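In my numbering, the protein residues as written are 1359 to 1439.
See below for the structure under consideration.
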């Protein structure tokens, strides 16, 4: 999904349906995890107050420590250490 509203809605639906975690994609498509989509999804987790019970996984495109650091920085900003 590329539209922010659709990413947000899909995340909300997944969480309300009982998902243990949400992830950006299957990891098998051309466009995988992006920091922008990750931020939206993590904001939904925070806004719904489920950060202790619902996880987040950036799927695909995370190959280096530098890649991972982008997502860790977003998580730290939204959820704290």
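We treat Cβ as the ideally placed atom computed from N, Cα and C, and that holds for glycine.
On a predicted model such as this, the values are computed, not experimentally measured, just so you know.
Beta-carbon spacing of residue i, residue j below 8 angstroms
i, j, result
"residue 1417", "residue 1390", "yes"
"residue 1404", "residue 1379", "no"
"residue 1366", "residue 1408", "no"
Nearest to residue i (by Cα), restricted to the options the options
i, options, result
"residue 1411", "1427, 1388, 1374", "1374"
"residue 1371", "1399, 1392, 1428, 1386", "1399"
Assigned secondary structure, residue i (DSSP; H/G/I helix, E/B strand, else coil)
i, result
"residue 1360", "coil"
"residue 1428", "helix"
"residue 1374", "helix"
"residue 1367", "helix"
Between the CA atoms of residue j and residue i - distance to the nearest angstrom
i, j, result
"residue 1422", "residue 1394", "18 angstroms"
"residue 1414", "residue 1360", "18 angstroms"
"residue 1429", "residue 1396", "7 angstroms"
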